[in-house]
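*Asks:*
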Amino acid sequence: MASPVAIREMRVRLFSEKKPPLDHPDLLRFHKDMLAGTPIKYDAGLLRDRNNNAYHEMSVELLEETGLDQVMQDVDVLLLAYNFPNSRPDISIVNYLMDRYQAGFISFAVNDLGFGAPFAALHMLQHYLGREGCTKGMLLVMDQTALPYETEELDSTAGPDTAAVIYLDRITGRGPSMLGVEMRHAENSIVDTAGMVLDRLGSGASIHGSQISLLMHPDLEKLCNQAAWYTECRSKSCYDPSRWSAAPFFALQELLEEKDNGEYICLMHLEQADSFVHALLIQTCESSIIGP
C-alpha cells in the first residue's frame, strides 16, 4: 500500500444556476459528426432545460470561492475526474487552469470509468505523492448534465451539476488522511468482492473492520447488508448518488464534520454496469481541517 497522504482541504458545491446553451456552429457540427452513424439522436432541445455549465468555468468558481486558487502554483499534480463529457469539448480544462494560474503541475483527466473515476484518480495521486519531488496534489471531480442526446443515467432526472475539490499533501501534522484506495472487478460475487476490498484496506492499515464506519453507495448496501463483514463494521450509512461523480464526497464531508464519526471511514462505491467495487479508507481526527 502507498504511504498515507493528508487531506488538507475538501470542498463540494452544487451548480444549480441555469445558463443558456452555447450557440456555437463548430460545437453543433462536432456533436452531429460525433453521433453520425450511431443510433443516438442529436436533440439540441434537451439543452434548454439544463444548466449548461462548462468544466473550466466550474473549476474556477469552485477554486476561487474556496481560496484554493491561491495554492495552485504549489500543486505538483492536478487530476480531473468526471463521467459526463464537458459541454465545451474545445477547451482543455487542465491546460486552461495551468495558464490561468501560471502553474507548472503535471495534469491530466481520468474518465471512461463511470462514477468510479475519482477513486482511480485518488489512487494515482497517492502514488504520485509518494515520489520524490511531488508533495502536493489536487483532484477536481465534476459532472455537468447538459448533453444534446438522451442517456440512461439522466432518464429519471437531470439533477444539478456538481463539483468537489480535494487538496492533498504528504503527512505533516494532524488532520484527516487518506490511507489507501482499492478497486476490484467482481468476477462472481459483488458481496464477496466488496468484503475482500474492505479486508485489504483494513489489513494494509492494520485495523479491524469493527473500527471502520462504512459510507456506501445504496445499491451496494442493499447487496451487502447481510454479509458478516458488513455487520462487524462500527456503523453504516449511504450517500445520495444523484450528485454524480462527486456524490461520495458530499456525504464524506458531512460525516467528517460529525463529532462521533469514528476514527476510520471506508467510502465504498459500486459501478453496477461494470461490476466494479471502489473503496477509499480515511483516517479521521478530532482537529479536522475540512472546510465548511
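Residue numbering for the sequence shown follows the numbering used here, beginning at 14 and increasing consecutively.
Every residue, glycine too, gets a C-beta built ideally from N, C-alpha and C.
1) Anyone know if the C-beta pair for residue 314 and residue 151 falls short of 9 Å?
2) Between residue 141 and residue 89, is the Cβ-Cβ spacing less than 9 Å?
3) Following the continuous alpha helix (DSSP H) through residue 141, name the residue where it begins and the one where it ends.
4) Less than 8 Å between C-beta atoms, sequence neighbours within five positions excluded: which residues of the same chain meet that for residue 267?
5) Rounded to whole angstroms, what is the Cα-Cα separation between residue 139 and residue 270?
6) Count the other C-beta atoms from every protein chain shown that fall within 10 angstroms of the C-beta of residue 159, then say buried if there are 16 or more, exposed otherwise.
7) Checking the sheet assignment: what are the DSSP bridge partners for residue 296?
8) How big is the Cα-Cα spacing for residue 15 and residue 78?
9) Measuring only between beta-carbons, confirm whether residue 260 sits less than 9 Å from chain B.
10) Is the separation between the beta-carbon of residue 292 and that of residue 211 shorter than 9 Å?
11) Measure the C-alpha to C-alpha separation of residue 74 and residue 24 and round it to an integer number of angstroms.
12) Which residue's Cα is closest to the Cα of residue 122: 101, 92 and 189?
13) Quick one: what does DSSP say residue 267 is sitting in, helix, strand or coil?
14) Among residues of its own chain, excluding the 5 on either side of residue 148, which ones have a beta-carbon nearer than 8 Å to its beta-carbon?
15) I want to know whether the segment 55–71 touches the segment 29–47 - three or more CB-CB distances under 8 Å.
16) Should residue 222 be labelled buried (16 or more other beta-carbon atoms within 10 Å of its own) or exposed?
17) Leaving out the 5 sequence neighbours to the left and right, which residues in its chain are closer than 6 Å to residue 53 when beta-carbon positions are compared?
*Replies:* Result, derived from the coordinates:
1) A question about residue 314 goes unanswered here, because the residues of the chain that appear run from 14 up to 305.
2) On the sequence shown, position 128 is the one that residue 141 refers to. On the sequence shown, position 76 is the one that residue 89 refers to. Going by C-beta atoms, residue 141 is nearer than 9 Å to residue 89.
3) Start at 1 with the first residue of the sequence shown, and residue 141 comes out as number 128. 130–141 is the span of the alpha helix (DSSP H), which, as asked, contains residue 141.
4) Numbered from 1 along the sequence shown, position 254 holds the residue referred to as residue 267. Result list for residue 267: empty, nothing under 8 Å.
5) One-based indexing of the sequence shown puts residue 139 at position 126. One-based indexing of the sequence shown puts residue 270 at position 257. When rounded, the distance between both Cα atoms is 23 Å.
6) Locating residue 159 in the sequence shown gives position 146, counting from the first residue. The residue is buried, with at least 16 neighbouring Cβ atoms inside 10 Å.
7) In the sequence shown, counting from the first residue as 1, residue 296 sits at position 283. 190 and 277.
8) As a position in the sequence shown, residue 15 is number 2, starting the count at 1. As a position in the sequence shown, residue 78 is number 65, starting the count at 1. Looking at the two C-alpha atoms, the distance is approximately 32 Å.
9) Among the chains of the structure shown, chain B does not appear; only one protein chain is present.
10) The residue labelled residue 292 in the question sits at position 279 within the sequence shown. The residue labelled residue 211 in the question sits at position 198 within the sequence shown. Yes, these two residues count as a Cβ contact at 9 Å.
11) In the sequence shown, the residue the question calls residue 74 occupies position 61. In the sequence shown, the residue the question calls residue 24 occupies position 11. Cα to Cα, residue 74 sits roughly 12 Å from residue 24.
12) Position 109 of the sequence shown, counted from the start, is the residue given in the question as residue 122. Checking every option, the nearest Cα to that of residue 122 belongs to 92.
13) Sequence index remark: in the sequence shown, residue 267 carries index 254 (1-based). Reduced to three states, the DSSP call for residue 267 is helix.
14) As a working note, residue 148 is residue 135 in the sequence shown. Closer than 8 Å at the Cβ level, and outside the excluded window around residue 148, lie 89, 142, 182 and 183.
15) yes
16) Working through the sequence shown from its first residue, we reach residue 222 at position 209. That one is buried.
17) As a first step, residue 53 is located in the sequence shown; it is residue number 40 there, counting from the start. So the qualifying residues of the chain are 162.
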